[in-house]
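Report on one structure; see the data block that follows.
In our numbering, the protein residues as written are 73 to 505.
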């Protein structure tokens with residue numbers, strides 16, 4: 073049987089398994105094993121992939137940073153560092169019309185710098201920020217929309233778990249990816265602020281202004297946020313200053329967040345074990361996806377489907393920019409349906425050779441892909457971040473949250489266009505390294 077036809081059958085089988093709610097890591101491993109066995113006729117070689125790829129993933133120094141960053145985020149949440157960031161932003165801009173929504177976006181960016189996960193950022197900020205906005209009579213749509221959209225910053229703001237995965241799967245230097253994401257991350261926060269400002273100008277009743285905090289109280293709040301500043305400076309400053317490797321910086325971050333949580337009395341008994349169990353569950357899910365993706369990649373490479381995909385796109389004689397926009401549309405759709413990690417690992421075997429073949433920069437493409445997947449996280453009809461927000465507050469209907477997302481989606485489209493049309497926004501800082 074033609075290998076290409078087997079590859080097409082494998083892809084169809086993969087999507088059927090996903091639609092049947094089989095976990096995507098298991099789906100990719102099953103299809104990869106069956107396809108590799110069918111193409112080679114060697115059962116023992118196909119079965120050995122489970123062992124070799126598991127050992128490769130668990131022994132990879134590049135991937136060792138993932139459980140450390142996840143554990144750092146869990147300890148930071150337990151220590152209340154996310155609440156510190158939000159209170160700091162609230163103290164300085166919370167009195168403005170829409171100020172609490174802007175403070176929520178800033179808080180998401182700050183927590184994303186120690187968390188690296190969009191869903192964790194969304195859930196954490198939903199518990200902290202939404203009650204404060206409700207006390208000030210903010211509309212549920214704006215409040216929930218700001219949290220769901222701001223939560224996507226956990227994927228972009230370094231250190232980002234999905235960027236670590238991209239670097240490992242494409243053999244790129246992860247620190248360059250982190251540096252490349254800094255300017256787009258700042259642009260995102262600025263555009264989200266602008267989206268809130270436009271929203272409250274059109275609907276002033278959605279975000280009434282609050283009392284202005286005296287400067288003495290502001291400085292007092294600022295003095296209480298030194299913990300998060302120490303952690304961010306130690307982790308990011310250590311990485312960019314060449315003091316630590318990424319893995320060493322993550323270990324330092326875990327130690328610091330654990331120390332802050334213990335000093336504040338937030339890491340006693342059950343809290344400590346809950347943070348470990350939560351991290352272990354997330355790590356297990358991510359590694360299962362990675363192992364499944366690698367087994368699936370062995371199979372799909374043998375079928376020559378990736379090369380056929382590249383040839384088919386090349387045969388259209390489209391300009392590279394047109395191809396990029398086609399891929400962007402595909403990723404927005406996938407991001408709306410799949411988990412961000414799953415969307416990335418599922419498509420990289422096809423997309424990455426195409427990007428390299430067109431002479432595009434892999435670091436730039438990594439940033440673009442993360443931004444596009446972020447957009448998918450809040451895009452109807454699914455939007456994983458919206459459902460994460462709804463899981464915390466099921467009393468807020470999904471249509472209400474999606475209405476609040478609209479201005480932020482507009483800001484995301486502008487940001488994406490800027491990074492695509494002006495690659496220097498992502499590549500200038502890495503070029504100075």
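Idealized CB from N, CA, C, for every residue including glycine. Here the structure is a predicted model, which is why all the values come from computation and not from measurement.
What residues in its chain sit with their C-beta under 7 Å from that of residue i, if we drop five residues either side in the sequence?
| i | result |
| --- | --- |
| residue 394 | none |
| residue 224 | 190, 446, 449, 450, 457 |
| residue 152 | 336, 338 |
| residue 228 | 253, 256, 257, 260, 442, 443, 446 |
Are the CB atoms of residue j and residue i within a distance shorter than 7 Å?
| i | j | result |
| --- | --- | --- |
| residue 253 | residue 230 | yes |
| residue 328 | residue 303 | yes |
| residue 429 | residue 382 | yes |
| residue 184 | residue 226 | yes |
| residue 194 | residue 460 | yes |
| residue 479 | residue 271 | yes |
| residue 150 | residue 463 | no |
| residue 111 | residue 75 | yes |
| residue 266 | residue 210 | no |
| residue 123 | residue 103 | no |
| residue 477 | residue 217 | yes |
| residue 105 | residue 84 | no |
| residue 263 | residue 486 | yes |
| residue 99 | residue 89 | yes |
What residue does the alpha helix (DSSP H) around residue i start on, and which one ends it?
| i | result |
| --- | --- |
| residue 156 | 153-165 |
| residue 465 | Residue 465 -> no alpha helix (DSSP H), and no H or E assigned at all. |
| residue 251 | 246-252 |
| residue 484 | 470-493 |
| residue 316 | Run containing residue 316: none; DSSP gives neither H nor E here. |
| residue 230 | Taken as a continuous stretch (DSSP letters only), residue 230 belongs to no alpha helix (DSSP H), as it is neither H nor E. |
| residue 114 | Run containing residue 114: none; DSSP gives neither H nor E here. |
| residue 243 | First-last for residue 243: undefined, no H or E at that position. |
| residue 370 | 342-374 |
| residue 206 | 190-207 |
| residue 134 | Residue 134 -> no alpha helix (DSSP H), and no H or E assigned at all. |
| residue 169 | No alpha helix (DSSP H) holds residue 169; DSSP gives it neither H nor E. |
| residue 94 | Here residue 94 belongs to no alpha helix (DSSP H), and DSSP marks it neither H nor E. |
| residue 447 | 434-449 |
For residue i, which residues in the same chain have their Cβ closer than 8 Å to its Cβ, ignoring the five residues on either side in sequence?
| i | result |
| --- | --- |
| residue 440 | 396, 400, 488, 491, 492, 498 |
| residue 309 | 315 |
| residue 373 | 421 |
| residue 282 | 166, 167, 171, 172, 208 |
| residue 129 | 135, 359, 362, 363, 366 |
| residue 434 | 242, 244, 424, 427, 428 |
| residue 432 | 392, 396 |
| residue 38 | This structure cannot speak to residue 38, because the chain is shown only from 73 to 505. |
| residue 251 | 230, 312, 501, 502, 505 |
Please classify residue i: is it buried, with 16 or more other beta-carbons within 10 angstroms of its beta-carbon, or exposed?
| i | result |
| --- | --- |
| residue 418 | buried |
| residue 388 | exposed |
| residue 135 | buried |
| residue 241 | buried |
| residue 233 | buried |
| residue 384 | exposed |
| residue 257 | buried |
| residue 332 | buried |
I'd like the list of long-range same chain contacts for residue i, defined as Cβ closer than 6 Å, with 5 residues on each side in sequence excluded.
| i | result |
| --- | --- |
| residue 146 | 347, 350, 351 |
| residue 66 | The structure shown does not extend to residue 66, since the chain spans only 73 to 505, so no value can be given for it. |
| residue 101 | 364, 367 |
| residue 159 | 293 |
| residue 268 | 170, 173, 174 |
| residue 319 | 136, 137 |
| residue 212 | 468, 472 |
| residue 307 | 321, 325 |
| residue 285 | 163 |
With residue i and residue j assumed to form a contact (beta carbons below 8 Å), what rounded beta-carbon distance in angstroms separates them?
| i | j | result |
| --- | --- | --- |
| residue 423 | residue 220 | Going by Cβ atoms, the distance from residue 423 to residue 220 rounds to 26 Å, so no, they are not a contact pair. |
| residue 442 | residue 142 | So it is not a contact: roughly 17 Å between Cβ atoms. |
| residue 370 | residue 108 | 6 Å |
| residue 236 | residue 138 | 6 Å |
| residue 154 | residue 200 | 6 Å |
| residue 290 | residue 161 | Residue 290 to residue 161, Cβ: 11 Å. No contact. |
| residue 156 | residue 297 | 5 Å |
| residue 465 | residue 198 | 6 Å |
| residue 148 | residue 180 | The pair is not a contact, with the Cβ atoms about 13 Å apart (cut-off 8 Å). |
| residue 438 | residue 238 | 5 Å |
| residue 375 | residue 79 | 3 Å |
| residue 255 | residue 501 | 6 Å |
| residue 140 | residue 353 | Not confirmed; about 16 Å, so no contact. |
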